[in-house]
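In the numbering used here, the protein residues as written are 262 to 1045.
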């Protein structure tokens, strides 16, 4: 029986969560971008399924329905028999959450890619209609299986996933869902189930004594004493004693270890270039064989390493590696007064032997060096026998920083310089940087201010070389992500526009253009509202006319700079020219952005409440639950990432604390002036309301009969989601989001495109020329 203390988060669940999230995003994007192709695929499958004998089809449908009905009953009995109420609660939460999220997506999925129904007799199914199980129940069942099967044996895992496969087959054979919808249901279930496991944890997955006994028998090892399982470098291991008192470490490598290794190496390969470029091993057996091979070759070349006693490969795909170790402490466990220069040079001598053999350790931390008569290098599971110069240099950098944490940069660098070739040290200087280090060393070095700089400075002094230029290791950069996301969105926008161009032209011809002057007036009001909000961010009065001119001018700059950087710089310059100190002006512009965010959140709450309470009938249509579900998933994902990643949590928390302190310190007087606060927040809200009015009028001009509350809610959802896309002015992202929510609310796609394009043309592109003129006037009048 598993106790509560035996629960923890598993790397395998994180790996599964990441993979399912990527596949889910691709599936939803495909459903939104190419619905016609998906419908055609469904029609082809319908024609193929129509040739299957009805008796065979009915048998498969009935058997699957029985399995799905029996599954929850078996789960309850299993939980009651083994007294696992916590796991039952986790399973119930995951299943219900997956059902709810999938139910909110079903309407939208069936609108963008309607299923082709077969003429099946519902009475011929065994216990329900032929469309049972529903796609939502498939999502819930998948989440349940995802949560339960990791704690079961291989047989139950096969049974669980076989039921899921049969449910998907029934959905496809009855053509009650387009295949991609079934895929979304399964992937969503895996995503939700994995997320629940990551948040709540799961029982520790022990391989059991039977598996250990099989390994010992296979390797012909006779051990007198085998201790309890411990964690060694994230892997489960047992410390055992031989008849003569020797120590043997039995390292277990199973699916969890494989998934953790694969996830980490894939992430490093994406994030870092030049070090982790080789393909990772994808089976536990390959991982065990690699560690055994590297250790044996190092031993053959005279390196002090553990003796490999055997490798066992189990029928379940796991592996056990047996190593003969001395019962001695690691270098990292020694107190500083026991680490003398002779010992450090001996450690470097073993490292040099390893490198002369062409072997890189890849995680050469002091914890992997055992201090016996001769330092013994362990932990060669990440080792490479065909190491590159970059990997060898990374080893040197890792050990340099690790020993510097123990004895200081001066002694660590001096010991290395006494043994290691000068050219190797010069090359290693370029790798003394966070991206080249292991996570453990990187975290420890971060706690010591200036440690990496001090190590590089000592190496530079000892080798007499110039200041090193750090090796560019970052493959995944902020600029690259921004460029890639922006390009993807723009390409998608262009393809969608081209696909509907003819229908859009027809819709534009039939538009009611009497709304156009009012759309223009609402657009002008957005700049006036921006001027009012900016006036409320500083104590001194600002002229409404000249501030509105500046707001119009800064909008021109925002057409060409991401994240409104150009416009923010112009507003800061305007306040500074008027006598406001630079620091205060910068903070004031930041305050207007914060007020805009507060207004966005407040209006989202108002419009969603308003649209949800609108009486039925008339020309109103309730807001599509898909948009709410997507926003919910996005918010949960962002919050989960920020909370789950330590450096993000520290960064965001620190920023919030500093911002709050700054607001309290620099804007205490501003907060005591209600008129200024009304200008600051009222102007921000007025600007957003003006945009909502312009959007609603554009929709009315094309005959879209959704209520104002619904249109406001849809607009706010679109701008909130599109705000995460780093294109200047949200070009492409806002258009795609508006079309998406309008079609999700039942508007024909060409009409949605037409209304969106007219709205963006008038509110975003038409002010470009007046914005340029306002910018020139602001420069001539020395407002900026």
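Where a beta carbon is used, it is the ideal one built from N, C-alpha and C, also for glycine.
Inset, instruction - Can you tell me which of 511, 587, 939 puts its alpha carbon nearest to the alpha carbon of residue 580? - result: 511
Inset, instruction - Answer yes or no: do residue 660 and residue 698 have a C-beta to C-beta separation smaller than 8 Å? - result: no
Legend entry - Assigned secondary structure, residue 567 (DSSP; H/G/I helix, E/B strand, else coil): Note: residue 567 maps to coil in three-state DSSP.
Legend entry - 6 Å Cβ shell around residue 710 - same chain, five flanking residues per side excluded: Taken in chain order, the list of residues that qualify is empty.
Legend entry - Limits of the alpha helix (DSSP H) - the one that residue 500 falls within: Counting along the chain, residue 500 falls outside any alpha helix (DSSP H), though it belongs to the beta strand (DSSP E) covering 496-502.
Inset, instruction - Let me know if residue 1050 comes out buried or exposed under the rule of 16 or more other beta-carbons within 10 Å of its beta-carbon. - result: Residue 1050 falls outside the range modelled here, since the chain spans only 262 to 1045, and no answer is possible.
Inset, instruction - Label residue 351 either buried or exposed according to how many other C-beta atoms from any shown protein chain fall within 10 Å of its C-beta, with 16 as the threshold for buried. - result: buried
Legend entry - Coarse secondary structure for residue 800, derived from DSSP in three states: Coil.
Inset, instruction - On the DSSP bridge assignment, give the partners of residue 492 in chain order. - result: Note: residue 492 sits in a beta bridge opposite 497.
Legend entry - Neighbourhood of residue 653 by C-beta, 6 Å cutoff - its chain only, sequence neighbours within 5 removed: Cβ within range, chain order: 616, 621.
Inset, instruction - State the beta-bridge partners of residue 627 as determined by DSSP. - result: Partner(s): none; residue 627 has no beta bridge.
Inset, instruction - Answer with buried or exposed for residue 568, where buried requires no fewer than 16 other C-beta atoms within 10 angstroms of its C-beta. - result: exposed
Inset, instruction - Report yes if the C-beta distance between residue 410 and residue 285 is below 8 Å; otherwise report no. - result: No, they are not a contact pair.
Inset, instruction - Reducing DSSP to helix, strand and coil, say where residue 580 ends up. - result: Residue 580 falls in the strand class under three-state DSSP.
Inset, instruction - Check whether the Cβ atoms of residue 570 and residue 480 lie closer than 8 Å to each other. - result: Between residue 570 and residue 480, the C-beta spacing is below 8 Å.
Legend entry - Per DSSP, the bridge partner or partners of residue 508: 502, 586
Legend entry - Beta-carbon spacing of residue 865, residue 723 below 8 Å: no
Legend entry - Residues that residue 487 bridges to, as DSSP identifies them: Residue 487 pairs with 501.
Inset, instruction - Spell out the partners DSSP gives residue 735 in its beta bridges. - result: 533
Legend entry - Beta-carbon contacts of residue 278 that lie in its chain and below 7 Å, excluding the five residues immediately before and after: 452, 455, 456, 459
Inset, instruction - Using alpha carbons as the reference points, say which of 422, 418, 446, 408 lies closest to residue 363. - result: Of 422, 418, 446, 408, the residue nearest in Cα terms is 446.
Inset, instruction - Note down the Cα distance separating residue 499 from residue 490, rounded to an integer number of angstroms. - result: One Cα belongs to residue 499, the other to residue 490, and the distance between them is close to 5 Å.
Inset, instruction - May I ask you to list the residues that DSSP assigns as paired with residue 636? - result: 632.
Inset, instruction - On the DSSP bridge assignment, give the partners of residue 860 in chain order. - result: Answer is none; residue 860 lacks a bridge partner.
Inset, instruction - Enumerate in chain order the residues of its own chain whose CB-to-CB distance from residue 687 is below 6 Å, with the five nearest sequence positions on each side excluded. - result: 724, 726
Legend entry - Unbroken alpha helix (DSSP H) run spanning residue 836, endpoints: 826-838
Inset, instruction - Using beta-carbon positions only, say whether residue 869 and residue 1029 come within less than 8 Å of one another. - result: no
Inset, instruction - Run the CB neighbour count on residue 573, radius 10 Å, all protein chains shown included, and call it buried at 16 or more, exposed below. - result: buried
Legend entry - Spatially closest choice to residue 839 from 854, 808, 861, by CA coordinates: 808
Inset, instruction - Pick out whichever of 798, 943, 781 has its Cα sitting closest to the Cα of residue 1024. - result: 781
Inset, instruction - Can you tell me which of 863, 1001, 835 puts its alpha carbon nearest to the alpha carbon of residue 1041? - result: Ranked by Cα distance from residue 1041, the options 863, 1001, 835 are led by 835.
Inset, instruction - For residue 728, I'd like the list of residues in its chain whose CB is within less than 7 Å of its CB, leaving aside the five on either flank, ordered along the chain. - result: 721
Legend entry - Straight-line Cα distance separating residue 1018 from residue 950: 19 Å
Inset, instruction - Look at the alpha carbon of residue 792 and the alpha carbon of residue 827, and state the distance between them as a whole number of angstroms. - result: The straight-line gap from Cα to Cα measures roughly 17 Å.
Inset, instruction - Count the other C-beta atoms from every protein chain shown that fall within 10 angstroms of the C-beta of residue 798, then say buried if there are 16 or more, exposed otherwise. - result: buried
Legend entry - Beta-carbon proximity check, residue 234 vs residue 513, cutoff 8 Å: In this structure the chain extends from 262 to 1045, so residue 234 is not present and cannot be described.
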